[in-house]
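Written below as C-alpha cells is the structure these notes are about.
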Amino acid sequence: DTGVSQNPRHKITKRGQNVTFRCDPISEHNRLYWYRQTLGQGPEFLTYFQNEAQLEKSRLLSDRFSAERPKGSFSTLEIQRTEQGDSAMYLCASRDKNYGYTFGSGTRLTVV
Amino acid sequence: QQQVKQSPQSLIVQKGGISIINCAYENTAFDYFPWYQQFPGKGPALLIAIRPDVSEKKEGRFTISFNKSAKQFSLHIMDSQPGDSATYFCAASMGHDMRFGAGTRLTVKP
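Going line by line, the protein sequences match chains A and B.
Those letters in the first sequence? Residues 1 to 112, by the working numbering.
Those letters in the second sequence? Residues 1001 to 1110, by the working numbering.
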C-alpha cells in the first residue's frame, strides 16, 4: 500500500441517480479528507474523519452529500439525486499527524 | 470560501528560467502553507511546505519565500524544466481546514 486509492476513476451518471465513491487511505493515516475540485479551481474541502469519527461536515455542499468511514479504514462519499452541477473531480486525501496530506487520483463524476 | 488568492493564472517560462508564483492569504490563524503540484488526471502532490516562523525554505530547485507581515508567500522554481509543466496550487491551513488557491498552470518551453 503505497498511496491513497480511489474508485471508480470515472463515473457517468444520469441526473437524479445516486452515486457512491470509495476511498482507501494510507493504512497508517488516521485522518481522511474529502475534497471537490472543479475545472480550473483548487480543491474545495468537504468533510473529514479522524478514525471513524466525522469531525467536520458543515462544508458538505448540501444534504444530498454524505460520507461514512465505518471502521476507521476506507471511506465512502455518496451523492443522492445527482444534479449537473455535481459534475467535478472528487478527491480523497489521508494525512499523518505531521500535516503531510497524500491525495488520491480522484473520481471524475459526470452527470448527464 | 476563497481565502487564498493565487497569481498568475498561467505562466510560460523558458527552460532554465525561474518560475515565480505568488499567493496571498487573509486569515492570520493559518499556520501551515504547502504548495502542491498537479498533473492532468492525477491528484495534487505535496511539493514543499513552510510554517510561519521561518521566512524561507529551500528543497532542491524549489524555494518558498514567506512574508508574514504582508500575508504573502511565493514559490520559486529555479532552472525550470519541461517536466515541471503542471498546475501548481498554494494552500493555507489551520488544523483540518485547508484552503487552496485557484491554481497556476505552468508551461516550461524547451
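Every residue gets a Cβ at the ideal spot worked out from N, C-alpha and C, and that includes glycine.
{"Asked": "Inter-stretch contact at 8 Å, needing at least 3 Cβ pairs: the stretch 25-42 of chain A / the stretch 90-105 of chain A", "Found": "yes"}
{"Asked": "C-beta neighbour in chain B for A:Pro25, strict 9 Å", "Found": "no"}
{"Asked": "Between the CA atoms of B:Asp1097 and A:Arg81 - distance to the nearest angstrom", "Found": "27 Å"}
{"Asked": "B:Gly1016 to A:Val112 span [Cα, whole Å]", "Found": "44 Å"}
{"Asked": "Neighbourhood of A:Ala67 by C-beta distance below 8 Å, restricted to the same chain and skipping five residues each side", "Found": "Trp34, Leu46, Thr47, Phe49, Gln54, Lys57, Leu60, Ser75, Thr76, Leu77 and Glu78"}
{"Asked": "Short CB-CB distance (under 9 Å) between A:Thr76 and chain B", "Found": "no"}
{"Asked": "Buried versus exposed call for B:Ala1092 [16 or more other C-beta atoms within 10 Å across all chains shown]", "Found": "buried"}
{"Asked": "CB contact flag (A:Cys92, A:Val4, <9 Å)", "Found": "yes"}
{"Asked": "Chain B contact residues for A:Ser105, given Cβ-Cβ distances below 8 Å", "Found": "Gly1041, Lys1042 and Gly1043"}
{"Asked": "Cβ-Cβ separation, B:Arg1061 to B:Asp1079 (assumed contact under 8 Å), whole Å", "Found": "6 Å"}
{"Asked": "Where B:Asp1097 sits in the DSSP three-state scheme", "Found": "strand"}
{"Asked": "Rounded Cβ spacing between B:Asn1022 and B:Gln1003 (contact assumed at less than 8 Å)", "Found": "About 15 Å separates the two Cβ atoms, so there is no contact after all."}
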